[in-house]
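In the numbering used here, each number is its position in the sequence shown, counted from 1, plus 214.
C-beta: ideal position from N, C-alpha, C; glycine also.
Working notes, structure below.
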Amino acid sequence: MEEKREENKELREFHENPYNPERKKPEDIVRIFYIHNVPIIPVVSKRGGLLGIIRKEDVVSELSDIERTRDQRIDKFVSHLAKKMTLDDLLPYVAVCREFVVVSIFGEVEGRWTRLELLAACESPQKARVVENDIEKQKELQMMEWMIYMILEHVPRALYAVNKQGKTIFYNHYFEELYAARKSGEVDTGFVEKALGDAAKNEFFPAGKKGGEMYFYNQDLKMYYEKLPMLNNNKTVGYLIYCSRHLNESAPVKKRKRKK
215 MEEKREENKE
225 LREFHENPYN
235 PERKKPEDIV
245 RIFYIHNVPI
255 IPVVSKRGGL
265 LGIIRKEDVV
275 SELSDIERTR
285 DQRIDKFVSH
295 LAKKMTLDDL
305 LPYVAVCREF
315 VVVSIFGEVE
325 GRWTRLELLA
335 ACESPQKARV
345 VENDIEKQKE
355 LQMMEWMIYM
365 ILEHVPRALY
375 AVNKQGKTIF
385 YNHYFEELYA
395 ARKSGEVDTG
405 FVEKALGDAA
415 KNEFFPAGKK
425 GGEMYFYNQD
435 LKMYYEKLPM
445 LNNNKTVGYL
455 IYCSRHLNES
465 APVKKRKRKK
């Protein structure tokens, strides 16, 4: 009877913890940082909720104390270092990194999040990854647009968001400043929507020598930008026009060739 009780306990513990903490060690977290070349790693729950964020420098500092971490379980190590971060804390990281690998508390890689998904999870952990099935479509889109507004207002980059039909959802004051420098005057949303929607006016280029990423140049707006899909329930509900400060400050404004 005692053996049966112990066996049931082991089965119950295995069901609650599908990963064996002994399989991974704290040093494996450092390898994830270097393999994926990221400065931070979000830690997610079994249901995909954000538990906290690990910084590379914190992991390196913790591992410097060999005696303390030598026999430490991976789940205890990750839970200890996973901290809550505000939007302001995240901005320096999302400004330089497009995508982040996410892990469980057992150090298992669970997938990747875009910077928008990470910001959304930080702003609203309960709603970032899961939307209730009984919400009406219109209310769902309104919630998404409001969340986008609340997030993007804090990002120090020129941003312009449109829905799937190309209609303006939001733009921040950094975009207003960039628009004024290129076109002068206040932002004309109708003009912007038409310019972004005309494929002939938008040239695209690979970003950097390694390729893999694309950026665009709009002839009418005279701006370089990246175009990121905004997802809700794994469906594209709009696009974020991300006007990189680096591209627009370092690259010259192109002049259109005059027809003879």
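Would you tell me roughly how many angstroms separate the C-alpha atoms of residue i and residue j, rounded to the nearest one?
i	j	result
T450	M437	24 Å
F320	V292	7 Å
H205	V323	Look at the range of the chain in this structure, 215 to 474, and you will see that residue 205 is not part of it.
R459	Q286	43 Å
R326	G404	35 Å
I254	K441	23 Å
N386	G380	17 Å
A334	S275	29 Å
D402	Y453	18 Å
A372	A394	12 Å
K260	Y388	37 Å
Just reading off the beta strand (DSSP E) that residue i is part of, what are its end residues?
i	result
G452	K449 to C457
P256	I254 to V258
R287	Segment: none, R287 is in no beta strand (DSSP E) and carries neither H nor E.
Mind checking who residue i pairs with in its DSSP beta bridge?
i	result
Y388	According to DSSP, Y388 bridges with nothing at all.
N432	N416 and M437
A168	The chain is shown only over 215 to 474; residue 168 falls outside these bounds and no answer can be derived.
M444	G452
Note down, in chain order, each residue of its chain lying with its Cβ closer than 7 Å to the Cβ of residue i, except the 5 sequence neighbours on either side.
i	result
K415	A409, N432, Q433 and D434
V258	L264, L265, V316, S318 and E324
A296	V257, L265, G266, I267 and I268
Which two residues bound the contiguous alpha helix (DSSP H) that contains residue i?
i	result
T403	T403 to G411
R261	It is not in any alpha helix (DSSP H) - R261 carries neither H nor E in the DSSP assignment.
Got a sec? Which residues, its chain only, sit under 6 Å from residue i by beta carbon, not counting five neighbours each side?
i	result
Q340	Unreliable placement is indicated for Q340, whose pLDDT of 47 sits below 50; no coordinate value is reported for it.
K270	F247 and P253
Output needed for residue i: all residues of its chain with C-beta closer than 8 Å, excluding positions within five of it in sequence on either side, in chain order.
i	result
E407	V376, G380, K381 and T382
- Task: Only counting runs of 4 or more residues, tell me where the alpha helix (DSSP H) segments fall wholly within the region 313 to 338, in order along the chain.
- Result: Under the rule that a run must span 4 or more residues, the alpha helix (DSSP H) segments found entirely inside the region 313 to 338 read 329 to 337.
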